[in-house]
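First the structure, in the form of structure tokens, and then the observations on it.
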């Protein structure tokens, strides 16, 4: 046996894994070969060193982790557990949740089409008023009025086509204009009751021409400017009384404030028109002016308001005088009720309601249709409609004061009308807020 | 301390008796195997408890990294758990477990040979440093570090054989079964591994 052969078997010898014959041969070689004996000792020492390696312990909790992982439910099972685990608790909760979702979905479903329909109606209704509503500050209303007055004077058959020209605001009026208007307002308020009868009566009889021909007479208090603004809307107003009602005038002033610049800024042209028209006045108009200014104190007003723009002054005349057009053409109140109602509604949009009440109806849509019919008959118009909570619909209506009672009566036929508020004195155009509620 | 008698006894009585961490083995009784295969949770827990240190130890010696070793050991038990049904009653449970964990280690090493070369030593050194030790412990720590390093530097096919034999105490035939190798191959690889280690550990010889 060579040393090489012997050394190959040393490990097996140490492991006692040699067949007996081989082992005997190896033992014989080792007994004579010191080198191989030394090799054997070193291998033995190596194994001894390996045996000195300290025992290794698995980390604490290893068994628990393995067990937890080994017996973790499968993924679908885990999902089911997560969803339904405490069956008695989770299933009822889930059932209730499903029910809630269903109910709310039903609710939304029932509401949605109605809301859409409402939105469509709103957009159909709102544009007309918006085109006639006083344009935002700076866009003067006066030109419109003027134009309208001219049309009236010419007996234009289409008074309702008035639209505010998109004229840029002329330079703002001086403080004089402002002051004068305030004065006007004050004096108008003072004077109003007096005018009630006289001016109104006169106005109704005044021929259309008066609108332009009315001179800026010293007798004409500038305050009447408010009437100018109201003129187109009020022209078919059959009730002159309310036309001069103080509260109304005040409102008119407030309403008109944005177009102060316009009113004051277009004096020259309008003034000229007014003056040029002066020579051709109708005596009626003059009479109207005279009648409308009974107080000597107010005669002073125009001179004080001298710097005030002419339109204001002329407007006053126009205001009083322009009412009449309705008178000659009596059918104007009914004939072009709708269009004029439109412009009226424009004038009234910003105002607070003069009367309001609740209209309890069995069903809303037929009631609204009936209301629309009623409004048409009365020459009234819807100016706004909005949905309030609990299925209530608020409909704002502007009706000529003369037909106000008829409106209320008509409402009584449509449903159960419960008045809630009514101004003591009604303006020529009464804005009524009808709260339509459905009562089965 | 002579290795020969111990090894001889080890060979005769099997690794259950002279395992480095001598657990009261769950045993390979037919009853125990039957319970395991029937999915008895308690039986499996007994198996894990009895074999955890050996399985983890083999993984640690092979991988040189505690976290990786824990991963592999856990995975080995999980595979065993899933594969209990196919466990052949003729093999020993411990052999079967060793086969699983050896395969996992070799697969992992084959996939990350370089990583181990880089980190293995540091990890093994850390293991050695963990030992509490003033004077002799310092010497012992040095030896342990040298041992870990030497083992870590062996080619895996030699490393697995020498670990299974000299650290875990398996017989040649068991190793052959675990690694699915002829006994002759096991014998020669073991011898080469010991010769490698001898050269690296010479300075510790008496």
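Residue numbers (the working numbering), protein chains in the order written: chain A, 532 to 971; chain B, 723 to 928. Note that beta-carbon positions come from the ideal geometry of N, C-alpha and C, so glycine has one too. From a predicted model like this one, the values you see are computed outputs, not experimental measurements.
Under 7 Å by beta carbon: chain B residues contacting residue i
i: residue 590 (chain A); result: 792
Bridge-paired residues (DSSP) for residue i
i: residue 948 (chain A); result: A:890
i: residue 928 (chain A); result: A:913 and A:963
i: residue 968 (chain A); result: A:891
i: residue 953 (chain A); result: A:886
i: residue 918 (chain A); result: A:924
Alpha-carbon spacing of residue i relative to residue j, whole angstroms
i: residue 913 (chain B); j: residue 610 (chain A); result: 54 Å
i: residue 913 (chain A); j: residue 966 (chain A); result: 13 Å
i: residue 923 (chain A); j: residue 622 (chain A); result: 39 Å
i: residue 898 (chain A); j: residue 619 (chain A); result: 52 Å
i: residue 504 (chain A); j: residue 890 (chain A); result: Chain A is shown from 532 up to 971; residue 504 (chain A) falls before or after that span and cannot be answered.
i: residue 554 (chain A); j: residue 545 (chain A); result: 10 Å
i: residue 878 (chain B); j: residue 535 (chain A); result: 25 Å
i: residue 594 (chain A); j: residue 587 (chain A); result: 15 Å
i: residue 784 (chain B); j: residue 874 (chain B); result: 7 Å
i: residue 519 (chain A); j: residue 801 (chain B); result: Because chain A here runs from 532 to 971, residue 519 (chain A) falls outside it and cannot be looked at.
i: residue 963 (chain A); j: residue 945 (chain A); result: 15 Å
i: residue 891 (chain B); j: residue 613 (chain A); result: 47 Å
i: residue 886 (chain A); j: residue 633 (chain A); result: 43 Å
i: residue 766 (chain A); j: residue 932 (chain A); result: Because residue 766 (chain A) sits at a pLDDT of 44, beneath the cut-off of 50, its placement in the model cannot be relied upon, and the point is left open.
i: residue 629 (chain A); j: residue 639 (chain A); result: 15 Å
i: residue 824 (chain B); j: residue 881 (chain B); result: 11 Å
i: residue 755 (chain B); j: residue 871 (chain B); result: 38 Å
i: residue 888 (chain A); j: residue 635 (chain A); result: 33 Å
i: residue 792 (chain B); j: residue 803 (chain B); result: 16 Å
i: residue 889 (chain B); j: residue 900 (chain B); result: 15 Å
i: residue 548 (chain A); j: residue 917 (chain B); result: 17 Å
i: residue 568 (chain A); j: residue 591 (chain A); result: 45 Å
i: residue 971 (chain A); j: residue 947 (chain A); result: 12 Å
i: residue 959 (chain A); j: residue 949 (chain A); result: 22 Å
Beta-carbon neighbours of residue i, restricted to chain B and to distances below 9 Å
i: residue 612 (chain A); result: Within chain B, no residue comes near residue 612 (chain A); the closest Cβ sits about 18 Å away, beyond 9 Å.
Within chain A, the residues that residue i reaches when beta carbons sit closer than 7 Å
i: residue 803 (chain B); result: 601
i: residue 927 (chain B); result: 573 and 576
i: residue 912 (chain B); result: 542
i: residue 889 (chain B); result: 581 and 584
i: residue 923 (chain B); result: 577 and 580
Supposed close pair residue i, residue j - CB separation, criterion 8 Å
i: residue 540 (chain A); j: residue 561 (chain A); result: That pair is no contact at about 10 Å.
i: residue 573 (chain A); j: residue 766 (chain B); result: In fact, because the Cβ distance is near 44 Å, the residues do not count as touching under 8 Å.
i: residue 583 (chain A); j: residue 865 (chain B); result: 7 Å
i: residue 884 (chain B); j: residue 919 (chain B); result: 7 Å
i: residue 886 (chain B); j: residue 915 (chain B); result: Contact doesn't hold; Cβ gap of about 10 Å is too wide.
i: residue 819 (chain B); j: residue 773 (chain B); result: 6 Å
i: residue 758 (chain B); j: residue 577 (chain A); result: Not really, about 38 Å apart at Cβ, beyond 8 Å.
i: residue 794 (chain B); j: residue 813 (chain B); result: With a Cβ gap of about 20 Å, residue 794 (chain B) and residue 813 (chain B) do not count as contacting.
i: residue 776 (chain B); j: residue 602 (chain A); result: With 8 Å as the limit, residue 776 (chain B) and residue 602 (chain A) do not qualify as a contact, their Cβ atoms being about 22 Å apart.
i: residue 911 (chain A); j: residue 928 (chain A); result: 6 Å
8 Å Cβ cut-off: residues of chain A touching residue i
i: residue 766 (chain B); result: 598 and 601
i: residue 799 (chain B); result: 597 and 601
i: residue 752 (chain B); result: Under the 8 Å cutoff, chain A gives no residues; its nearest Cβ is about 22 Å from residue 752 (chain B).
i: residue 909 (chain B); result: 542, 543 and 548
i: residue 916 (chain B); result: 542, 574, 577 and 578
Any non-hydrogen atom of the ligand SAM closer than 7 Å to residue i Cβ
i: residue 776 (chain B); result: Of the ligands one can find in the structure shown there are none, so the ligand SAM has no counterpart to examine.
Cross-chain neighbours of residue i in chain B, by beta carbon under 8 Å
i: residue 551 (chain A); result: Those within 8 Å of residue 551 (chain A) in chain B number zero; the least Cβ separation is about 14 Å.
i: residue 594 (chain A); result: 767, 770, 771 and 774
Where residue i meets chain A, residues with beta-carbon distance less than 9 Å
i: residue 866 (chain B); result: 583, 584 and 585
i: residue 886 (chain B); result: Those within 9 Å of residue 886 (chain B) in chain A number zero; the least Cβ separation is about 12 Å.
i: residue 763 (chain B); result: 598, 601 and 602
i: residue 819 (chain B); result: The premise fails here: residue 819 (chain B) is roughly 12 Å from chain A at the closest Cβ pair, so nothing lies under 9 Å.
i: residue 869 (chain B); result: 580, 581, 583 and 584
The segment 536 to 549 of chain A: positions lying closer than 9 Å to chain E by Cβ: In summary, chain E is missing from the structure at hand, where the protein chains are A and B.
At 4 residues or longer, what runs of the alpha helix (DSSP H) sit wholly inside the segment 860 to 902 of chain B? 878 to 884 and 894 to 901
Report the residue ranges of all alpha helix (DSSP H) runs contained in full by the segment 791 to 838 of chain B; include only those spanning at least 4 residues, in chain order. 815 to 833
Within the segment 558 to 596 of chain A, note down every full alpha helix (DSSP H) run reaching 4 residues or more, in order along the chain. 565 to 582
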